[in-house]
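> Under the working numbering, read the sequence shown as residues 228 to 900, first letter to last.
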Amino acid sequence: MPSHLLPTSNGVDWSCEQPPSYDAPSPRQILRICLNLKYLIDKVVPIMYDESDILCDHSRILNSRVLDLAKDACGGDKKDSKSRHKYESVLVFCLLKVCAWYWDLAAAELHNAELYDLRASAAQQICKLIIEEEEGKNAQFLFIHMLCRRYVINENDEDSDPENALELAMDMHCTTVIGSSGYQRCLKWLWRGWIVQNKYDDKDYVVCDAVASSKFGQHFSPDRLKTPMYQNIIQIFFSFIFIALYTLVVNSKNSKAVDTFDFFEGAFYFFVLGSVIDELFKFYHVGWSYFGFWNAFNDTMYFIILSSMILRIISVTPIQTRYPAEYWDKISYRVLSCAAPLVWARLLLYLESSRFVGALLVVLKHMMQESIVFFFLLLLILIGFLQGFIGLDSSDGNREITWPIISQLMLTVLGAGSFDTFTDFAPPYAAVLFYSYSFVVSVILLNILIALYSTAYQKVIDNALDEYMALMAQKTLRYIRAPDEDVYVPPLNLVELIMAPFMLLIPVKTARRITYVVMSIIYFPFLLVIAIKEVREAKRVSYNRMKKLEDDANETDVAWNLTDGYVDEADGWIPSSESSGIMATQKKNKRSLQLQKEAENSDPNFKVHADWFESVKQSVQPVGDGFKSGIGWESYALYEEMKEQKEISNKKVEDLTKMVEELTKMVKDLSTK
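1. Let me check understanding here. Comparing Cα to Cα, which of Leu591, Leu890, Ile748 and Arg772 lies closest to Ala683?
2. What whole-angstrom Cβ distance do Lys324 and Ile380 have, given they're in contact under 8 Å?
3. Quick one: Cα of Val271 to Cα of Phe510, how far?
4. How would you write the range of the alpha helix (DSSP H) that Ile461 sits in, first residue to last?
5. Could you check which residue in Ser502, Lys885, Pro455 and Phe447 has the C-alpha nearest to that of Thr527?
6. For His372, which option in Val476, Tyr314 and Gln351 has the closest C-alpha, if you only look at C-alpha atoms?
7. Mapping DSSP to helix, strand and coil, what is Gln424?
8. Can you give the Cα-Cα distance for Ile632 and Gln596, rounded to whole angstroms?
9. Find out if the Cβ-Cβ distance for the pair Lys355, Ser407 is shorter than 8 Å.
10. Under 6 Å Cβ to Cβ from Leu472, same chain only, skipping five residues before and after it: list those, please.
11. So what's Asn381 in DSSP terms, helix, strand or just coil?
12. Take every Cβ of the stretch 763-781, pair it with every Cβ of the stretch 734-748, and state whether three or more of those distances are shorter than 8 Å.
13. Since Tyr432 is in the beta strand (DSSP E), which residue starts that stretch and which ends it?
14. To the nearest whole angstrom, what separates the beta carbons of Leu724 and Phe497, a pair I think is in contact under 8 Å?
15. For Glu950, write down the residues that DSSP places opposite it in a beta bridge.
16. How long is the line joining the alpha carbons of Ser248 and His312, rounded to whole angstroms?
17. Within its chain, find whatever has a CB closer than 6 Å to the CB of Leu233; leave out the 5 residues flanking it on each side and keep chain order.
18. Is it right to say Leu890 is buried, meaning 16 or more other beta carbons lie within 10 angstroms of its own, or is it exposed?
19. Which of the three DSSP states, helix, strand or coil, is assigned to Lys286?
20. Just curious, the alpha helix (DSSP H) that Cys401 is in, first and last residue?
21. Between which residues of its own chain and Phe751 is the CB-CB distance below 6 Å, once the five residues before and five after are set aside?
22. Taking a contact to mean a Cβ-Cβ separation below 8 Å, would you say Glu360 touches Leu294 in this structure?
23. Assuming Leu452 contacts Cys413 (C-beta within less than 8 Å), just tell me the rounded distance between them.
24. Whole angstroms are fine: how far does the CA of Pro717 sit from the CA of Ser286?
25. Just mark Glu244 as buried or exposed, buried being the case when its beta carbon has 16 or more other beta carbons within 10 Å.
26. Along the chain, where does the alpha helix (DSSP H) that runs through Arg818 open and close?
27. Entirely within the stretch 251-335 and at least 4 residues each: give me those alpha helix (DSSP H) ranges in chain order.
28. How far does the alpha helix (DSSP H) with Tyr410 in it extend, from its first residue to its last?
29. Could you name the residues of the same chain whose beta carbon sits closer than 8 Å to that of Ala786, not counting the 5 residues immediately before and after it, in chain order?
30. Just to confirm before moving on: does the CB-CB distance between Glu506 and Asn522 stay below 8 Å?
31. Under DSSP, the alpha helix (DSSP H) around Phe616 begins and ends at which residues?
32. Are there 16 or more other CB atoms within 10 angstroms of the CB of Pro734, so buried, or fewer, so exposed?
33. From what residue to what residue does the alpha helix (DSSP H) around Trp787 run?
34. What did DSSP end up calling Gln547 once you bin it into helix, strand or coil?
35. Please classify Asn481: does DSSP put it in a helix, a strand, or coil?
36. Hey, quick one: how far does the alpha helix (DSSP H) through His446 stretch, first residue to last?
This is the structure:
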């Protein structure tokens, strides 16, 4: 563990030897850091390089010296760790801002777009390298201050809204940054609830103080429901209930009579209202950044179901309308039936954490985005030909087959068009016009759609892993971007809505206690399972801290490390001893090392000689030295050889110069005599 760590949610440091500073740079200071970084990248990437030379590991262009210069661009006193960390904490945020500037320049100056895009890629790559370097030095400083803390920059004399590097990278879809190991590890901590929002200031994040606690009461708390992983599990649970209720409601109609609301139908609409209110609440807090593919999908489904619900309410109330109640009841069930594909497909939203489903959804999303071009072209073509056919229909002063024409034009797009409608209609103009329309749609537009889908699929598959990680980043941040003091997963948020007016009339502390009790009762089964799970995990975290390892170490027991892993079975489902698992793990590791040593010593000729390890080290390519020097590992050996030759030559020149000086001195001495 580092010598100084970060505050936990109760304000206590793990180690108080040297607590870091938590003062954020001012918006103007952050702007200056961005300007310094832009100047650096402009100089480092002055011309068009091959993008692979920029994005490759141990690049000769973005070498170790460039990374050091990027850190120096933040300013601060390098001898004072507090001052240095204060300004370096915004480094990732500033690099992402510079990347956005380059994208803006690429859009505005098309003649230099490729160069600006390359510089944007360079900014992302520097981000990635710094994140991975800092992860090995001080991972928790990286997580809390560099990635999770929200900063404000001054642009055009206006302060921006607070935003952190995690959100900025996700909003900008910077897959290079999102795919870095430090970014993904930080997301994993957020997903598990090991990093949580500060209860005193939701703009800051802190390490959860209950991570290493084996006390059951600290984990049996409604606050743990803020964890994205638990929210996702609860939402999956409620989604299956939602599908079951939908199935019961949509298939319960067995007569023409209008039935009143039963329990299952009321519960179903209770679920729908809770989900709609939750969507509106999150959209209000997050803004347009929250709106995405799945939001549009869910909103479409909710709109259909709400329309059906309104029609159903009309049918059971004594409201007098033009049509009888049976008519509205029938239409209500028909509209509700149309939502069935969306209701079942909605499950994919919560199963996207699976890599297979996640990659599938990314491909689908990109295909839908690419199809916008096709539908735009189709709309223009459709309007043009429709106007032509309507003109032919009204040329004799009467409009007789306008609707059949519209129907045929739409069916042609689906491949079911027929020429029969135009056989006796305005010959030969209508036939020629329809032949042209069929050719344009069937041969040109549909092939354009296929090409667009193929391009979207190939683009995602070539970068499938980074796209999947970007999807998981969006999924994780979706749960934490809309701040909510108390987590009521839909439809339970309606309980919060009902309680809210009464909570305003009582003291804050009393309201908090009531809310705590209500949530503990509502979520009791979930909280019980969560507490048991986290207490078991806390034992492993305590073991890691005892071994001076990171909290997420020893999660898997790999074959090539005899001292890793943790014996969870020794703790049992509900740990009764503070050290049972720790002692069992130490005993297991000791036995593994002993058995391995005995097996290796059974044959005195088995051991590899120490010279073998030295030979391995000497055969390794000088990747690190090439990265530091900027020469590259391919040419570093030649560089070293030339450097040695130069040193030898310089030494010979120095020796020769010294000899000449001595001879000159001797000649002068002889001449004086």
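Glycine included, every Cβ here is placed at the ideal spot set by N, Cα and C.
Reading off the structure:
1. Leu591
2. 6 Å
3. 41 Å
4. Pro455 to Val477
5. Put simply, of Ser502, Lys885, Pro455 and Phe447 the residue whose alpha carbon is nearest the alpha carbon of Thr527 is Ser502.
6. Checking every option, the nearest Cα to that of His372 belongs to Tyr314.
7. strand
8. 30 Å
9. yes
10. Phe491, Ala494 and Phe495
11. Strand at Asn381.
12. no
13. Tyr432 to Val434
14. The beta carbons of Leu724 and Phe497 sit about 12 Å from each other, so the pair does not count as a contact at 8 Å.
15. With the chain running from 228 to 900 in the structure shown, residue 950 is simply not present.
16. The predicted position of Ser248 is uncertain, since its pLDDT is 45 and thus under 50; a value taken from the coordinates is nonetheless stated next. Computed Cα separation, rounded: 8 Å.
17. Confidence at Leu233 is low in this model, with a pLDDT of 38, below 50, so its placement is unreliable and the value that follows should be read with caution. Counting only Cβ-Cβ distances below 6 Å, and skipping sequence neighbours, we find Gln367, Ile371 and Val434.
18. exposed
19. The residue you asked about is not Lys; residue 286 is Ser in the sequence shown. Reduced to three states, the DSSP call for Ser286 is coil.
20. From DSSP, Cys401 is part of no alpha helix (DSSP H); its letter is neither H nor E.
21. none
22. yes
23. Contact flag wrong, Cβ pair sits at about 21 Å.
24. 49 Å
25. Because the pLDDT of Glu244 is 33, which lies under 50, any placement of that residue in the model is unreliable, and the question is left without a value.
26. Ser807 to Asn828
27. 254-271, 278-282, 291-299, 308-315 and 318-335
28. Ser408 to Arg419
29. none
30. yes
31. Boundaries of the alpha helix (DSSP H) harbouring Phe616: Arg582 to Asp620, taken from the DSSP string.
32. exposed
33. Careful: Trp787 lies outside any alpha helix (DSSP H) and carries neither H nor E.
34. If DSSP states are grouped into helix, strand and coil, Gln547 belongs with coil.
35. coil
36. Phe443 to His446
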